[in-house]
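**Q** I'd like to ask you about the structure that follows.
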Amino acid sequence: MSSNDETPGTPENPLREELPEEVRTKTPEKAPEPGPERAGQEPDGPTGPTGRQRLLMGLWPPRVSRAQLIVALLLFGLGFGLAVQVASNSDSDGALRGARQEDLVRILDELDDRTQRLEEEKQGLEDQRTELENSSDQAEEARKQTVEKEKQLGILAGTVAAQGPGITLTIDDGEGTVEADSLLDAVQELRAAGAEAIQVNGVRIVAGTYLTDVSGGVAVDGNKISAPYRFKVIGKPQDLEPALNIPGGVVQTLEKEQATVTVERSDKIVVDALRPAERPDYARSSSQ
């Protein structure tokens, strides 16, 4: 048999031997690229709330109970009251902070004098009670004290003339800026300093006196008066004058209103303006 004869079923290239079937190697899969969650973004799938979100959810909306609301309102009212009190104290103490040392000493002396005057009144009432208890003729002693008390009440009611030491307060209002409230402040300051009888421009000042502004002046109990306003005051001059001249007091206030104020002490002041004694319509003495 010739070598050139082809064997059936053999490949055309007799020199190439048949190799085993090649096994394909698997290409290694590439690592997945970083997704959004790896780039600092939220993942696509649903996730739970973060710690900050849970904190905000716990704080808002606020859950306030009725008891907490009542306590908050009470605390707010207390704080507001304390703020108002501090503000009022600051305003009242402002004048004293800027006062001179001699002014502060004078204010303290005035307070001491008022305290002493009240103690003297208390002692006088106790002495009257002791006299009534120890007097052999209690009826006569009671009558004397009744007469004396009637005179004192007549002076306070303005139905009896009075005289004694005191001061004369003159307010010259050339600009027409002094109003009724400024004169009322002067009256109240004088009463607080121990004034026992007051009249202004011929009108007696009593417990029920009222002042109003009218055209060209001020009306006292309906009686029109005009500047200069002259107060005649019976009382202890050492108490009355300092009370008017305290820092931020009557004199300084009137001077800010362009008024001229003078205070003169005197050993004898006569208050002779009288008020008619009015009989009450319904009230009667219980002894009748």
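Just so you know, UniProt numbering puts 245 at position 245 of the sequence shown, and the rest follows in order with no gaps. C-beta: ideal position from N, C-alpha, C; glycine also.
How far does the beta strand (DSSP E) with Ala-162 in it extend, from its first residue to its last?
**A** Taken as a continuous stretch (DSSP letters only), the beta strand (DSSP E) holding Ala-162 covers 162-172.
**Q** For Glu-133, does the three-state DSSP call read helix, strand or coil?
**A** Of the three classes helix, strand and coil, the one that applies to Glu-133 here is helix, per DSSP.
**Q** Run through DSSP, which three-state label would Lys-232 get?
**A** Strand, per DSSP.
**Q** Quick check on the DSSP output: the beta strand (DSSP E) that includes Ala-197 runs from which residue to which?
**A** Its beta strand (DSSP E) spans residues 197-200.
**Q** Please name the residue, chosen from Val-71, Leu-55, Asn-245, that lies closest to Asp-109 on a Cα-to-Cα basis.
**A** Of Val-71, Leu-55, Asn-245, the residue nearest in Cα terms is Asn-245.
**Q** Can you tell which of Asn-201, Arg-106, Gln-188, Phe-80 has its C-alpha closest to the C-alpha of Val-270?
**A** For the residues Asn-201, Arg-106, Gln-188, Phe-80, the minimum Cα distance to Val-270 belongs to Asn-201.
**Q** Could you check the C-alpha separation between Pro-242 and Gln-68 for me, to the nearest Å?
**A** Roughly 53 Å between the two C-alpha positions.
**Q** How is the alpha helix (DSSP H) around Leu-184 delimited, first residue to last?
**A** Per DSSP, Leu-184 belongs to the alpha helix (DSSP H) from 180-192.
**Q** Quick check on the burial criterion: 16 or more other C-beta atoms within 10 angstroms. Buried or exposed for residue 323?
**A** In this structure the chain extends from 1 to 288, so residue 323 is not present and cannot be described.
**Q** Does the count of Cβ pairs from the stretch 226-237 and the stretch 187-197 closer than 8 Å reach three?
**A** Counting Cβ pairs under 8 Å, three or more are found: they touch.
**Q** If you draw a straight line from the C-alpha of Asp-172 to the C-alpha of Val-105, how long is it?
**A** Straight-line Cα distance between these residues: approximately 29 Å.
**Q** Let me check one thing: in DSSP terms, what residues is Asp-213 bridge-paired to?
**A** For Asp-213, which the question treats as bridged, DSSP gives the partners Val-218.
**Q** In three-state terms, what does DSSP make of Val-270?
**A** Correct three-state label for Val-270: strand.
**Q** Would you check if the distance between the CB atom of residue 289 and the CB atom of Leu-254 is smaller than 8 Å?
**A** Nothing about residue 289 can be reported from this structure: the residues present for the chain run from 1 to 288 only.
**Q** I believe Leu-274 touches Thr-159 by the beta-carbon criterion, under 8 Å. Please report the beta-carbon distance rounded to the nearest angstrom.
**A** Between Thr-159 and Leu-274 the Cβ distance is about 6 Å, and since that is below 8 Å, they are a contact.
**Q** For Tyr-282, count neighbouring Cβ atoms within 10 angstroms of its own Cβ and tell me buried if that reaches 16, exposed if not.
**A** Answer is exposed; the Cβ neighbour count stays below 16.
**Q** Residue range of the alpha helix (DSSP H) that Val-251 falls in?
**A** Run containing Val-251: 250-256, per the alpha helix (DSSP H) assignment.
**Q** If you draw a straight line from the alpha carbon of Lys-268 to that of Thr-130, how long is it in whole angstroms?
**A** Roughly 32 Å separates the two Cα atoms.
**Q** Is it right to say Asp-239 is buried, meaning 16 or more other beta carbons lie within 10 angstroms of its own, or is it exposed?
**A** It counts as buried.
**Q** Measure the alpha-carbon distance for residue 299 versus Val-206 and round it to whole angstroms.
**A** This structure gives no information on residue 299, because the portion of the chain shown stretches from 1 to 288.
**Q** From residue 296 to Arg-230, what does the alpha carbon distance come to, in whole angstroms?
**A** Coverage of the chain is limited to positions 1 through 288, which leaves residue 296 absent and any answer about it impossible.
**Q** Between Glu-189 and Gly-249, is the Cβ-Cβ spacing less than 8 Å?
**A** Their beta carbons are under 8 Å apart, which means Glu-189 touches Gly-249 by this criterion.
**Q** Over what stretch of residues does the alpha helix (DSSP H) that includes Pro-237 continue unbroken?
**A** That run of the alpha helix (DSSP H) goes 237-244.
**Q** Between the C-alpha atoms of Val-261 and Thr-168, what's the straight-line distance to the nearest angstrom?
**A** Rounded to whole angstroms, Val-261 to Thr-168 spans 11 Å at the Cα level.
**Q** Between which two residues does the beta strand (DSSP E) carrying Arg-204 extend?
**A** Note, Arg-204: beta strand (DSSP E), 203-205.
**Q** Helix, strand or coil for Arg-275, going by three-state DSSP, please let me know.
**A** Coil at Arg-275, not helix or strand.
**Q** Tell me, to the nearest whole angstrom, how far the beta carbon of Ala-162 is from that of Ala-197; I am working on the premise that it is less than 8 Å.
**A** Sure, about 4 Å apart at Cβ, within 8 Å.
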